[in-house]
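> Structure incoming, see below.
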Amino acid sequence: MRSLLVYRLRKPLPFLTEAINPDITESSGNVFRDLGFHTAAESLRVRARLMAPLERSLREQGITQAEAAEELGTTQARISELTNGKIQAFSIDALINMLDRAGLEVDVNVRPKNA
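Now the structure itself:
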């Protein structure tokens, strides 16, 4: 009896899916814009793309937040915000400065938007 119940739960239930979320829309490709951050969407997207390699670099080094703060010329609290993905806590300039202190090079690529 239990295996039958598990089998039934694993099968898709279209009527249930539609009842829970009838308005599924395709992403624009920018999660921030999709969530309603229209005016700040590009800035948030750029900051997220700058934060990711910085956070990954610190994680791969295996250093403490205090050690990372010293290396990057900031506070442990700011490193905590970085590792917790607090995008709005950082300006693009601050992230570029921290990337430079971490020995990472920033390359800027500008292209026309997709219509």
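Sequential numbering of the sequence shown, starting at 4, is according to the numbering used here.
Think of the CB as a built atom: it goes at the ideal place given N, C-alpha and C, for glycine as much as any other residue.
According to DSSP, simplified to helix, strand and coil, what is valine 49?
DSSP places valine 49 in helix when its eight states are reduced to three.
> Determine, using beta carbons only, whether alanine 72 and glutamine 79 come nearer to each other than 8 Å.
It is a contact, given that the beta carbons lie within the stated cut-off.
> If you follow the alpha helix (DSSP H) that aspartate 103 is part of, which residue opens it and which one closes it?
Where aspartate 103 is concerned, the enclosing alpha helix (DSSP H) stretches over 95-104.
> Classify arginine 59: buried if its beta carbon has 16 or more other beta carbons within 10 angstroms, exposed otherwise.
Exposed is the call here.
> Since arginine 52 contacts alanine 44 with CB under 8 Å, what's their CB separation in whole angstroms?
Actually they do not touch by this definition, with Cβ atoms about 13 Å apart.
> If you draw a straight line from the C-alpha of arginine 11 to the C-alpha of asparagine 112, how long is it?
Per-residue confidence for arginine 11 stands at a pLDDT of 43, beneath the threshold of 50, marking its modelled position as unreliable; the derived number appears in the next sentence. Their backbone Cα atoms lie some 49 Å apart in a straight line.
> When we look at the beta-carbon of leucine 38 and count the other beta-carbons within 10 Å, is it buried (16 or more) or exposed?
By the neighbour-count rule (16 or more Cβ atoms within 10 Å), leucine 38 is not buried but exposed.
> For alanine 55 and alanine 105, what's the separation of their Cα atoms in angstroms?
Distance between the alpha carbons of alanine 55 and alanine 105 is about 13 Å.
> Cβ atoms of isoleucine 90 and leucine 57: under 8 Å apart, would you say?
Contact: no.
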